[in-house]
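K.L.:
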Amino acid sequence: MDTRVLPIPMDEATMPEFRKRGQVPEDVESSIGTVLSYIHFAIPDAPVSSHARLSALPPDDDDDDGVDRLSLLPDALLRRIVSRLPVKDAARTAALSSRWRDAWRSTPLVLVDADLLPAGVSDADTDAAREEARAVTFAVSRVIAAHPGPFRRLHLTSSFMDQYQGLLASWLQVLAVKGIQELILVNRPFPADLTLPATFFGMATLTRLYLGLWKFPDTAALPRAACFPNLCDLGFSLIGITNHDMDFILARSPVLETLCLQANTLQRVRVASRSLRCLMMMGFDQDVNVVNAPRLERLIMLYSCGSSMLVKIGRAPSLRAIGYLDLETHVLEIGDTIIKAGTRASPSTMVPSVKILGIIVCFGVRNEAKMLPSFLRCFPNVETLHIEIVSPKGTFASTDEANFRLKPLFATKWASKCCSLVVLESDVSAGENNWNFERGCDFSLMDPFAIIIRSSRLDISGSS
Numbered sequence: 451m452d453t454r455v456l457p458i459p460m461d462e463a464t465m466p467e468f469r470k471r472g473q474v475p476e477d478v479e480s481s482i483g484t485v486l487s488y489i490h491f492a493i494p495d496a497p498v499s500s501h502a503r504l505s506a507l508p509p510d511d512d513d514d515d516g517v518d519r520l521s522l523l524p525d526a527l528l529r530r531i532v533s534r535l536p537v538k539d540a541a542r543t544a545a546l547s548s549r550w551r552d553a554w555r556s557t558p559l560v561l562v563d564a565d566l567l568p569a570g571v572s573d574a575d576t577d578a579a580r581e582e583a584r585a586v587t588f589a590v591s592r593v594i595a596a597h598p599g600p601f602r603r604l605h606l607t608s609s610f611m612d613q614y615q616g617l618l619a620s621w622l623q624v625l626a627v628k629g630i631q632e633l634i635l636v637n638r639p640f641p642a643d644l645t646l647p648a649t650f651f652g653m654a655t656l657t658r659l660y661l662g663l664w665k666f667p668d669t670a671a672l673p674r675a676a677c678f679p680n681l682c683d684l685g686f687s688l689i690g691i692t693n694h695d696m697d698f699i700l701a702r703s704p705v706l707e708t709l710c711l712q713a714n715t716l717q718r719v720r721v722a723s724r725s726l727r728c729l730m731m732m733g734f735d736q737d738v739n740v741v742n743a744p745r746l747e748r749l750i751m752l753y754s755c756g757s758s759m760l761v762k763i764g765r766a767p768s769l770r771a772i773g774y775l776d777l778e779t780h781v782l783e784i785g786d787t788i789i790k791a792g793t794r795a796s797p798s799t800m801v802p803s804v805k806i807l808g809i810i811v812c813f814g815v816r817n818e819a820k821m822l823p824s825f826l827r828c829f830p831n832v833e834t835l836h837i838e839i840v841s842p843k844g845t846f847a848s849t850d851e852a853n854f855r856l857k858p859l860f861a862t863k864w865a866s867k868c869c870s871l872v873v874l875e876s877d878v879s880a881g882e883n884n885w886n887f888e889r890g891c892d893f894s895l896m897d898p899f900a901i902i903i904r905s906s907r908l909d910i911s912g913s914s
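First residue of the sequence shown? That's 451 in the numbering used here, and the numbers climb one at a time after it.
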């Protein structure tokens, strides 16, 4: 997460509204801060480093011969340098010479608006924090207007749009004209329920779109021709959206490959897409229905928060990895058959394409232990099985205690000699996570679940 981006402090006019609802404004602000932290953790990382700096000085001042070595580089290298600089420094290079000015204008723009925040962001003084956020908003407008395009990536998470919704709509129109490729757009509340301008539907050049903390516009009035013909990667974090609007997006994204959903207002997640390869869901409580997804390879479900949710797999002949199926909260349906304890395996209740399976189970709960064999029979060709028994960091005071408590696991006789048992301690504490959307849709990693926990091996012997 970019810790520079905090919620805009609530103004005096807004506080009474929350008090009327029986809420404490300070508690609401704290909750919004937590929400933003989850959003920023999940969205793709910023494409440039805020610590990058441009300097033509040699390492040793004694060797300074007055030669501007950077300006002697080929144009292609100058453009690569500019593309990796924070936007303020990248724009300043235009003042160095005509070659640098041409380099900045001919380099597809990468803009991270958090880089426009002052060094010391005010989080206590409401007026100062709002003024800083407004300054970022106006700076973004100047950069968007000054650069001719195309725009490779805009990472907009720090602007203050409450009083400038018309300005946001004009931004999106300019981005559409200048050929935006990747857009990460997160509302920086307050308020937390701003409606996203419908003008973003005009950005036909988009290949990646991530939205956070917006109310989705009503798609009913949009023309049938509205679509995202080049969109491959889509992420929604805490978006107020209806099922109709979600279906609209999927139907009009013909090359969409990854769909990432985090705690949205959908009543259910229905997947009908001929192009989708990966569906990731975090912090969700909706039923999941894979109706028809012939290219779907990964179904990743993390941190479900509902009491009972249906996970239905219809037509998904390419599905290779699925997890984590939670035996406590997930009701599994294959085809038209709900899997129960004792359900007999048959071709209609199997997903033979799955090679990697993740399951959460509490063996101390009898019903879950009874359900496990039935779940496993649905995936007869699994090669890698992840069974999660959660013990957060700090559960064991020492390695000796871990050895003592977990020793019975290693005393078990294994039916297959090629299997082994490894116990790992998570690097994160209870309630934390180290997972984001970008890692989950990295198809260069064969096993997506192997990267969820950055772990350290406990010193326990006896694995078979």
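Ideal Cβ placement from N, Cα and C applies to all residues, glycine included.
When you compare each of Ala771, Asp850, Val815, Pro459 to Cys891 by their alpha carbons, which one comes out closest?
P.N.:
The residue with the shortest Cα to Cα distance from Cys891 is Ala771.
K.L.:
Let me know if His694 comes out buried or exposed under the rule of 16 or more other beta-carbons within 10 Å of its beta-carbon.
P.N.:
It counts as exposed.
K.L.:
If we require 3 or more residues per run, which beta strand (DSSP E) segments fall completely within the segment 729-775?
P.N.:
737-742, 748-752, 759-765, all fully within the segment 729-775.
K.L.:
Apply the 10 Å Cβ neighbour rule to Ile839 and answer buried if 16 or more other Cβ atoms are within range, or exposed otherwise.
P.N.:
Ile839 is exposed by the Cβ-count criterion.
K.L.:
Report all residues from its chain with a CB closer than 6 Å to the CB of Val738; omit the five preceding and five following residues, and keep chain order.
P.N.:
The answer, listed in chain order, is Val719, Val761.
K.L.:
Go through its chain and collect everything with a Cβ distance to Ala654's Cβ below 8 Å, but skip five positions before and after it.
P.N.:
These residues qualify, in order along the chain: Ala626, Cys677, Phe678, Pro679, Asn680.
K.L.:
Where does Asp926 fall in DSSP's three states?
P.N.:
Residue 926 lies beyond the stretch modelled for the chain, which goes from 451 to 914, so this question has no answer here.
K.L.:
What does DSSP give as the partner residues of Ala722 in its beta bridges?
P.N.:
According to DSSP, which records beta bridges pairwise, Ala722 is partnered with Asn742.
K.L.:
What does a CB cutoff of less than 6 Å around Pro558 pick up in its chain, not counting 5 residues either side in sequence?
P.N.:
Correct list, in chain order: Pro600, Arg602.
K.L.:
Using a Cβ-based criterion (distance less than 7 Å to any ligand heavy atom), does Leu807 qualify as near the ligand FMN?
P.N.:
The ligand FMN is not part of the structure shown, which contains no ligands of any sort.
K.L.:
What are the boundary residues of the beta strand (DSSP E) that includes His780?
P.N.:
His780 -> beta strand (DSSP E) spans 780-784.
K.L.:
Which class does Asp612 belong to by DSSP, given the choice of helix, strand or coil?
P.N.:
Three-state DSSP puts Asp612 in coil, outside helix and strand.
K.L.:
Nearest by alpha-carbon distance to Ala670: which of Asp563, Pro830, Phe651 is it?
P.N.:
The shortest C-alpha separation from Ala670 is found at Phe651.
K.L.:
Is it right to say Glu632 is buried, meaning 16 or more other beta carbons lie within 10 angstroms of its own, or is it exposed?
P.N.:
With 16 or more other Cβ atoms within 10 Å, it is buried.
K.L.:
Measure the CB-CB distance between Ile784 and Cys728 and report whether it falls below 8 Å.
P.N.:
Not in contact: Ile784 and Cys728 (Cβ atoms no closer than 8 Å).
K.L.:
Under the DSSP definition of a beta bridge, which residues are partnered with Thr799?
P.N.:
None; Thr799 has no bridge partner.
K.L.:
Residue ranges of each alpha helix (DSSP H) run of no fewer than 4 residues wholly in the segment 527-601, ordered along the chain?
P.N.:
Runs of the alpha helix (DSSP H) inside the segment 527-601: 537-542, 548-556, 576-596.
K.L.:
Could you tell me if Met896 is buried or exposed, where buried requires 16 or more neighbouring beta carbons within 10 angstroms of its beta carbon?
P.N.:
Label assigned to Met896: exposed.
K.L.:
Name the two residues that bound the continuous alpha helix (DSSP H) containing Arg402.
P.N.:
Outside the shown range of the chain (451 to 914) lies residue 402, about which nothing can therefore be said.
K.L.:
Given that a residue counts as buried once 16 or more other Cβ atoms are within 10 Å of its Cβ, and exposed if not, what is Ala526?
P.N.:
By the 10 Å Cβ count, Ala526 comes out exposed.
K.L.:
Run through DSSP, which three-state label would Phe899 get?
P.N.:
Three-state DSSP puts Phe899 in a helix.
K.L.:
Measure the alpha-carbon distance for Met800 versus Gln712 and round it to whole angstroms.
P.N.:
Cα-Cα distance, rounded: 28 Å.
K.L.:
Should the segment 581-598 be called in touch with the segment 615-624, which here means at least 3 C-beta pairs below 8 Å?
P.N.:
The segment 581-598 is in contact with the segment 615-624.
K.L.:
Using beta-carbon positions only, say whether Pro744 and Pro767 come within less than 8 Å of one another.
P.N.:
Yes.
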